[in-house]
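Read in our numbering, the sequence shown has 1661 at position 186, and its numbers run on one by one without any break. What follows is a single structure, written as structure tokens, with notes after it.
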Amino acid sequence: MHRRTPPFAGDSCAAGLGPAERALVARAVRDRFIAVAQGPEGKFRYPVGDAGLAGLGYDGALTSRLPAGVRAHFCGVGNPFAAVDACVWPPVCFLPEPDHTEQVSASGSGVPGDMFNDMPDAELDAPVCFGVRFDDGSPAAPHGGTPDTAPHDRCLPPELAACPVRPGDAVLDVGCGAGVDTLCAALLAGPGGAVTGADASPHMLDRARANLAAMDDAIAPAHRAPEQSAPIRFVETGAERLPFASGSFDVVISNGVFSLVVDKPAALREIHRVLRPGGHLRLADQILDGPAPQGPDVVSCWFR
């Protein structure tokens, strides 16, 4: 699932980076989230907080169990818990064609098209969906077909189309940020599960721990037993080298993080290593639509 926007460069840019440049990009990404840890409002040109959760189809019965102050820190780009239309696959998002004209950083960072406030306005109000819908609201399959005529080899098995987190699951949230998805996963996994939030930004992890404390404080003492959610731990780590044993998790989720990862193949290998056989990966992210920007300062294109 993805927003079709021109945010961050991918591996075509990474191929031109040496070790020092890769370290510089990773440090720049961490630095940019110092401000986000204080709150995402005004730092992204897509909806955040409650508006973002609603627009991405999060279950209101689930998110209403989070305190309002916790929900305010949501800044994801997709919904890793969504049940998808099994025969509308792969997910297709029909958004306006991106504007490839040169963009100047609005945050004053000097990096062209950086993550703060530089997304074209035309893409802000466009719906994020898993396919076209007809005027009567019924879903249509990709490429002009209908659900009834979608070939079976393009249909997801029901267990993959459903919400991936089930009671008792061990879940890893890669790039957990402020921990909103981590907390949702813990509620879905229940007291028999276990949830780990992993992030490279110590500032975002501080916010995630504060949000977890706010979640605990919001539950009246009389309602704290039996526990309603899985235990949660937060770990500071990048996605390219996860400090967990192989086969540790039933489910891995990630929301808006892979666009920032320098070595995406390494991160995917690590995710598959820590997933148990038959485990599920749900990844929601933005993609670069079109060729990666080129130029002498290849590091700058990471924030396009």
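Don't be surprised by glycine CBs; every beta carbon is placed ideally from N, CA and C. In this text the structure is predicted, and so the values were computed from the model without any measurement.
Legend entry - Short Cβ contact (8 Å threshold) for G1654 with A1683: yes
Inset, instruction - Check the C-beta distance from V1727 over to D1760 and give it rounded, since I have them as a contact under 8 Å. - result: Not really, about 13 Å apart at Cβ, beyond 8 Å.
Legend entry - Where A1683 sits in the DSSP three-state scheme: helix
Inset, instruction - Classify T1671 as helix, strand or coil using the three-state DSSP reduction. - result: strand
Inset, instruction - Rounded to whole angstroms, what's the CA-CA distance from C1651 to D1674? Just pull it up for me. - result: 6 Å
Legend entry - Classification of H1747 by the beta-carbon crowding that lies within 10 angstroms, buried from 16 upward: exposed
Inset, instruction - Please confirm whether T1657 and D1648 have their CB atoms less than 8 Å apart. - result: yes
Inset, instruction - Run the CB neighbour count on A1536, radius 10 Å, all protein chains shown included, and call it buried at 16 or more, exposed below. - result: exposed
Inset, instruction - Assign H1755 to one of three DSSP states: helix, strand, or coil. - result: strand
Inset, instruction - Take the Cβ of S1539 as the centre, count every other Cβ of all protein chains shown within 10 Å, and call the residue buried at 16 or more, exposed below. - result: exposed
Legend entry - Helix, strand or coil at F1724 according to DSSP, with G and I counted as helix: strand
Inset, instruction - Could you give the DSSP three-state label for V1523: helix, strand or coil? - result: coil
Inset, instruction - Indicate the three-state DSSP secondary structure (helix, strand or coil) for V1504 in the structure shown. - result: helix
Inset, instruction - Enumerate in chain order the residues of its own chain whose CB-to-CB distance from A1557 is below 6 Å, with the five nearest sequence positions on each side excluded. - result: G1532
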